[in-house]
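Each remark here refers to the structure printed beneath this line.
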Amino acid sequence: MNITKVIIPVAGWGTRSLPATKNIPKEMLPIYNKPVVQYVVEEAIHSGLRDVIFITNRDKNVIEDHFDYNLQLEATLERNGKQDMLAKVRAVAEMARIISIRQKRALGLGHAVACARDVCSSDDAFAIMVGDDLMFGMTPGIQQLIDVARSERKPVIGVMEVPQDEVSRYGIISGKESSPGIYTVSSLVEKPKISEAPSRLAIVGRYILTPEIFDCLEKVQPGHGGEIQLTDGLQLLAEKRGMLAVKIRGTRFDAGNWAEYLTANIYFALQDEELRDDLVQRLKSLLP
Ligand code: G1P
Numbered sequence: 002m003n004i005t006k007v008i009i010p011v012a013g014w015g016t017r018s019l020p021a022t023k024n025i026p027k028e029m030l031p032i033y034n035k036p037v038v039q040y041v042v043e044e045a046i047h048s049g050l051r052d053v054i055f056i057t058n059r060d061k062n063v064i065e066d067h068f069d070y071n072l073q074l075e076a077t078l079e080r081n082g083k084q085d086m087l088a089k090v091r092a093v094a095e096m097a098r099i100i101s102i103r104q105k106r107a108l109g110l111g112h113a114v115a116c117a118r119d120v121c122s123s124d125d126a127f128a129i130m131v132g133d134d135l136m137f138g139m140t141p142g143i144q145q146l147i148d149v150a151r152s153e154r155k156p157v158i159g160v161m162e163v164p165q166d167e168v169s170r171y172g173i174i175s176g177k178e179s180s181p182g183i184y185t186v187s188s189l190v191e192k193p194k195i196s197e198a199p200s201r202l203a204i205v206g207r208y209i210l211t212p213e214i215f216d217c218l219e220k221v222q223p224g225h226g227g228e229i230q231l232t233d234g235l236q237l238l239a240e241k242r243g244m245l246a247v248k249i250r251g252t253r254f255d256a257g258n259w260a261e262y263l264t265a266n267i268y269f270a271l272q273d274e275e276l277r278d279d280l281v282q283r284l285k286s287l288l289p
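Numbering (this note's numbering), first residue to last: 2 to 289.
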């Protein structure tokens with residue numbers, strides 16, 4: 002399987018993060034010293050994906066600008082001898098090839114993915130990574146899915162076990178564990194009621210799909226919340242091609258949840274040796 006493209010939908014409103022996101026895309030909120038979306042793109046790049054397809058809207062241009070050169074800033078850094086910072090800023094521009102597509106109407110995640118049809122090859126599988134779902138572990142989350150998709154030649158989605166009272170926030174799968182941590186998916190339901198969830202295995206914003214998903218999405222009618230749901234398209238794809246779910250090993254932060262967002266900030270700041278001791282002292286002094 003040749004997998005080089007990743008679709009990153011970033012057209013959502015970010016209402017959970019208001020008022021911070023009134024004029025800043027939620028994907029551009031910083032986690033320590035980088036915007037959320039840069040962590041997602043770095044995960045893609047470290048997993049061998051080269052072409053990043055952002056599904057954006059009219060208020061999100063700053064995301065693609067972040068992954069482009071800023072010549073004025075670079076000239077200033079160069080003049081001031083700030084070589085370290087200059088290298089960091091340039092590296093972001095050189096990290097990935099960017100394709101940007103406008104989702105002109107907010108009709109749902111399934112619709113956002115369908116907007117990428119013309120730039121995806123009709124032969125190759127591709128990745129989807131939700132732009133505010135962060136994952137960290139020994140092996141990048143999307144790489145774990147790519148490995149299984151390559152060996153099993155099937156669409157693969159990432160799942161994690163969530164507490165019972167959180168199932169209605171996610172797409173939930175049911176399936177049979179065919180080998181440790183790998184499930185053969187039989188059905189998927191978007192944001193079920195707690196009493197109706199078939200399991201606690203939640204879809205966590207990482208997918209490797211085959212191009213048949215685009216025909217499936219054309220057949221999908223508005224579902225949960227009146228939107229074209231990717232999960233409903235996945236149900237059709239699972240029936241047509243079969244589908245596996247992989248329990249992703251690692252830590253996940255939902256950047257749209259304030260407690261997780263703030264924890265992610267501390268997690269990354271603590272990895273910086275120069276900051277660590279000072280930060281720990283300051284955090285301790287805040288505790289009663
Ligand atoms: C989307 C998907 C959902 C998935 C979730 C993961 O929901 O529709 O199936 O579980 O991402 O973050 P959203 O969070 O966009 O409402």
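Ideal Cβ positions, reconstructed from N, Cα and C, are used throughout, including at glycine.
Distance cut-off 7 Å: residue i Cβ against heavy atoms of ligand 1
i    : result
I214 : no
Y312 : This structure does not reach residue 312, given that the chain is present from 2 up to 289, and the question cannot be answered.
I56  : no
A203 : yes
L231 : yes
E75  : no
E191 : yes
V90  : no
G206 : yes
V41  : no
Y184 : no
V131 : yes
Y171 : yes
D166 : no
L110 : yes
D134 : yes
G13  : yes
Cβ-Cβ distance between residue i and residue j below 8 Å
i    : j    : result
N58  : A115 : no
V93  : L50  : no
T232 : L189 : yes
I102 : I54  : yes
E213 : L235 : no
F127 : A97  : no
V163 : I209 : no
V42  : D133 : no
S200 : S175 : yes
A113 : P10  : yes
V120 : I99  : no
E79  : L87  : yes
L218 : G111 : yes
Distance between beta carbons of residue j and residue i, contact taken as under 8 Å
i    : j    : result
I64  : P20  : That pair is no contact at about 20 Å.
G109 : E240 : Rounded, the Cβ-Cβ distance is 20 Å, inconsistent with contact.
V168 : M244 : About 19 Å; that fails the 8 Å criterion.
M136 : E261 : That pair is no contact at about 12 Å.
V90  : N71  : 7 Å
I129 : D166 : Going by Cβ atoms, the distance from I129 to D166 rounds to 27 Å, so no, they are not a contact pair.
K155 : R242 : 6 Å
F215 : R118 : 5 Å
I183 : V149 : 6 Å
I56  : Q104 : 5 Å
S48  : P141 : 5 Å
DSSP beta-bridge partners of residue i
i    : result
G228 : According to the sequence provided, residue 228 is Glu. The question's Gly does not apply to it. Paired residues: none, contrary to the question.
E162 : L202
E178 : Y184
V190 : I173
D134 : D255
I56  : P10, I102
K23  : DSSP output for K23 lists no bridge partner at all.
L210 : F127
The segment 141-152 / the segment 247-266 touching (three or more Cβ pairs under 8 Å): yes
At least three beta-carbon pairs within less than 8 Å, the segment 276-287 to the segment 219-232: no
Meets three-Cβ-pair contact criterion under 8 Å: the segment 26-35 and the segment 75-84: no
Inter-stretch contact at 8 Å, needing at least 3 Cβ pairs: the segment 190-202 / the segment 255-263: no
Touching by the beta-carbon criterion (3+ pairs, under 8 Å), the segment 203-211 and the segment 269-277: no
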